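Peer 1: Note that my numbering has the sequence shown beginning at 149, numbered continuously upward.
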Amino acid sequence: MFKKKNKGGGVTMLDEPAGGSSAAAAPPADSFDDLLDDAPAAGRGRAAAATREPTAAEMDQMSVAELEEMALAQAAAGNEGTKRSLALALEARTIGVTTAATLKDQTKQLEGMTADIERVHDCLDKSEKVIDKMTKPVYVRMFTRSKRAGKGLDKQKKLGRKEAKERAAMREGGVDSLDLDGLRERDAAARGEGGRGPDEEDDDRAELLDEQLVASKKGKAARAVGGAAGVGGKEEYAGYSTGVATALRKQDEDLDAISGALADMKGLASAMNSELTYQEGLVSTVNEYTLETSRRTKANAAKVKTMLK
149 MFKKKNKGGG
159 VTMLDEPAGG
169 SSAAAAPPAD
179 SFDDLLDDAP
189 AAGRGRAAAA
199 TREPTAAEMD
209 QMSVAELEEM
219 ALAQAAAGNE
229 GTKRSLALAL
239 EARTIGVTTA
249 ATLKDQTKQL
259 EGMTADIERV
269 HDCLDKSEKV
279 IDKMTKPVYV
289 RMFTRSKRAG
299 KGLDKQKKLG
309 RKEAKERAAM
319 REGGVDSLDL
329 DGLRERDAAA
339 RGEGGRGPDE
349 EDDDRAELLD
359 EQLVASKKGK
369 AARAVGGAAG
379 VGGKEEYAGY
389 STGVATALRK
399 QDEDLDAISG
409 ALADMKGLAS
419 AMNSELTYQE
429 GLVSTVNEYT
439 LETSRRTKAN
449 AAKVKTMLK
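#1: Apart from the five residues on each side of it in sequence, which residues of its chain come closer than 7 angstroms, Cβ to Cβ, to residue 279?
#2: In this structure, does DSSP put residue 326 in helix, strand or coil?
#3: Is the beta carbon of residue 143 sitting closer than 9 angstroms to the one on residue 269?
#4: Can you say whether residue 267 is buried or exposed, counting buried as having 16 or more other CB atoms within 10 angstroms of its CB?
#5: To the nearest angstrom, how far is it from the Cα of residue 250 to the Cα of residue 438?
#6: Please identify the residue among 234, 334, 435, 274 whose C-alpha is closest to the C-alpha of residue 245.
#7: Quick check: residue 282 and residue 420, are their CB atoms within less than 9 angstroms of each other?
#8: Taking the C-alpha atoms as reference points, what is the distance between residue 223 and residue 242?
#9: For residue 261, report the span of its alpha helix (DSSP H) as first-last.
#10: Which residue comes first and which comes last in the alpha helix (DSSP H) that contains residue 394?
#11: Does residue 293 come out as helix, strand or coil in the three-state DSSP assignment?
#12: State buried or exposed for residue 443, treating a residue as buried only when at least 16 other CB atoms are found within 10 Å of its CB.
#13: Residues in its own chain within less than 8 angstroms of residue 202 by CB, not counting five upstream and five downstream?
#14: With H, G and I counted as helix, E and B as strand and the rest as coil, what does DSSP make of residue 201?
#15: So, using beta-carbon positions, are residue 427 and residue 255 closer together than 9 angstroms?
#16: Determine whether the beta carbon atoms of residue 240 and residue 409 lie at a separation below 9 angstroms.
#17: Which one of 435, 236, 405, 430 has the shortest CA to CA distance from residue 337?
#18: Please report how far the alpha carbon of residue 429 lies from the alpha carbon of residue 264, in whole angstroms.
#19: So is residue 446 buried or exposed if we call it buried at 16+ other beta carbons inside 10 Å?
#20: Report yes if the CB atom of residue 216 is closer than 9 angstroms to the CB atom of residue 389, and no otherwise.
#21: Starting from the Cα of residue 411, find the closest Cα among 271, 326, 431 and give me that residue.
#22: Considering Cα atoms alone, identify which of 414, 262, 423, 238 is closest to residue 252.
#23: Exposed or buried, residue 204, counting other C-beta atoms within 10 Å across all chains shown (16 or more means buried)?
#24: Have a look at 431, 396, 331 and flag the residue whose alpha-carbon is nearest the alpha-carbon of residue 414.
#25: Count the other CB atoms within 10 Å of the CB of residue 231; is the residue buried (16 or more) or exposed (fewer)?
#26: For residue 431, count neighbouring C-beta atoms within 10 Å of its own C-beta (all shown protein chains included) and say buried if the count is 16 or more, exposed if not.
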């Protein structure tokens with residue numbers, strides 16, 4: 149009940165409208181901010197209702213075309229995710245090939261440094277003999293030759309030759325064991341097949357939706373004209389329509405390509421690990437040779453300085 153004031157000053161009692169007043173049905177918001185907060189929540193509710201998975205009862209009420217479209221949408225979504233994963237796997241393999249090639253070049257540089265430092269040692273050994281002849285009598289050199297400054301170097305060089313054999317055996321599983329050119333060719337071939345970049349537009353789903361469908365007796369399943377058993381030559385697609393089978397076949401091909409890329413990356417990682425271990429030995433040898441060279445050079449300089457006084 150509510151009151152209505154007439155023009156003459158009287159009051160008329162009226163019944164509340166059916167369904168209740170708007171105030172009773174929906175209490176007014178306390179502020180404008182509350183209205184803004186309620187709007188997105190309502191929108192989210194409608195969006196969730198639109199994107200939720202249909203129940204079994206709802207699927208029973210769907211037509212063949214609706215079921216086919218839903219299956220195609222799910223297959224296309226899975227295909228898109230697989231394509232993105234494949235693009236990332238190919239990119240990772242490309243980076244691995246580039247890194248392996250860089251390690252190979254780095255190994256050549258370290259081997260060159262090792263050879264150079266060994267030649268420097270040989271020159272130092274010859275210079276020490278000359279300095280000994282100039283600074284010591286013959287009978288002194290006969291008894292002190294074994295104690296010359298280069299004795300440590302001789303020991304180091306002997307160890308170095310032994311380590312070189314061990315490093316050579318270690319490097320058999322290194323980057324040289326990889327077919328980097330073959331990996332580059334596979335990368336180029338994979339990236340040239342229809343463009344599988346993660347950001348590229350793809351119209352496969354639109355093409356799949358154009359497939360001609362034939363309803364089964366129950367009207368709740370569909371198959372393409374001619375059947376799907378021959379799509380891709382795989383029997384596992386026999387129970388699907390041509391459109392869905394095509395999407396699944398493409399996804400299987402991408403998954404096979406991802407598996408191949410991962411196998412290549414595993415081989416790259418193993419070879420690079422062996423290469424790094426080999427490089428570690430080279431760096432250690434170069435460092436030890438460098439320290440020994442510095443020590444011998446200072447010793448020779450001191451001898452020459454003493455001789456010139």
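Cβ atoms here follow ideal geometry from the backbone N, Cα and C, with glycine treated the same way.
Bear in mind the structure is a predicted one, so any value in this text is a computation, not a measurement.
Peer 2: Short version:
#1: 448, 451, 452
#2: coil
#3: No statement about residue 143 is possible, as the shown extent of the chain runs from 149 to 457 and does not include it.
#4: Classification for residue 267: exposed.
#5: 25 angstroms
#6: 334
#7: No, these two residues do not count as a Cβ contact at 9 angstroms.
#8: 29 angstroms
#9: 212 to 283
#10: 390 to 456
#11: In this prediction, residue 293 has a pLDDT of 49, which is less than 50 and means its spatial position is unreliable; nothing more can be read from the coordinates.
#12: exposed
#13: 210, 218
#14: coil
#15: yes
#16: Against a cut-off of 9 angstroms, the Cβ pair of residue 409 and residue 240 comes out as a contact.
#17: 405
#18: 16 angstroms
#19: exposed
#20: yes
#21: Nearest neighbour of residue 411 by Cα position, chosen from 271, 326, 431, turns out to be 326.
#22: 423
#23: exposed
#24: 331
#25: buried
#26: exposed
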